[in-house]
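Trainee: For what it's worth, full-length UniProt numbering labels the leading residue of the sequence shown as 1, then goes sequentially.
Below: one structure in structure tokens.
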Amino acid sequence: MAFGSTPDWFHISDDESIVWESRPHPITMGIRLPIGIGLALVGFLVAGWSGTDGIGLLTILGVLLIVVGAVAASIRYFVWTNTRYVITSSELYKKRGIVSRDVTQFRLERVQNTSLRQSGIGRLLGYGDLTVYTAGSGDPELTFERVPKPERASSRLSDQLDDVATDETAV
């Protein structure tokens, strides 16, 4: 398991196993990450260049750019690292949040339908959305957004849904 150990938001029973686990594709960090890193680097250059003459307005501007860039890049990175998707042999989990936490959990028996959506850019870069619909609901109940290699996630989910359907008909 990629977690290393079971995190506190994730509960797995003894007869349950993890079949797929991921976080969103790195593309979800968006343009803010490279812009933040770029601002911080420009800030280092400005502060370093102007700092040779003592602390002045340009040095303060450079330090401000470093702070703003580092904060912008860090926020995007922490949002990305704190979003997790898990498919187990009996449940689906979606976890989001840095300070507050939102965990959505569904038993596979409730899943009525799934869909996989990839844009042209998503196909090119290898990400897509996997959406789950439950019985009695026309709206999507759970979406794994911008999943890397979504065909693999969809295949693993379909295999688990087949196993659940087989178990239910055997009873």
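Note that the Cβ used here is the ideal one computed from N, Cα and C, for glycine as well.
(1) Apart from the five residues on each side of it in sequence, which residues of its chain come closer than 6 Å, Cβ to Cβ, to Leu130?
(2) Consult DSSP for Val111 and reduce its assignment to one of helix, strand or coil.
(3) Mapping the DSSP letters down to three states, classify Met1 as helix, strand or coil.
(4) Are the beta-carbon atoms of Gly62 and Val79 separated by less than 8 Å?
(5) Going straight from the alpha carbon of Val164 to that of Glu109, what length do you get?
(6) Assign Met1 to buried or exposed, taking buried as 16 or more other Cβ atoms, counted over all protein chains shown, within 10 Å of its Cβ.
(7) Going by Cα to Cα distance, which pick from Glu16, Arg101, Val68 is closest to Gln160?
Mentor: The answer reads as follows:
(1) Within the same chain, Leu130 has close Cβ partners Leu116, Phe144, Val147, Pro150, Ala153, Ser154.
(2) In this structure, Val111 counts as strand in the three-state DSSP scheme.
(3) Residue placement at Met1 is flagged as unreliable, the pLDDT there being 46, under the threshold of 50; the coordinate-derived value follows with that caveat. It is coil, neither helix nor strand.
(4) Cβ distance not < 8 Å, so Gly62 and Val79 don't count as in contact.
(5) Using only the alpha carbons, I get a separation of about 7 Å.
(6) Confidence at Met1 is low in this model, with a pLDDT of 46, below 50, so the placement of that residue should be treated as unreliable; the coordinate-derived value is given next. That one is exposed.
(7) Closest by alpha carbon: Glu16.
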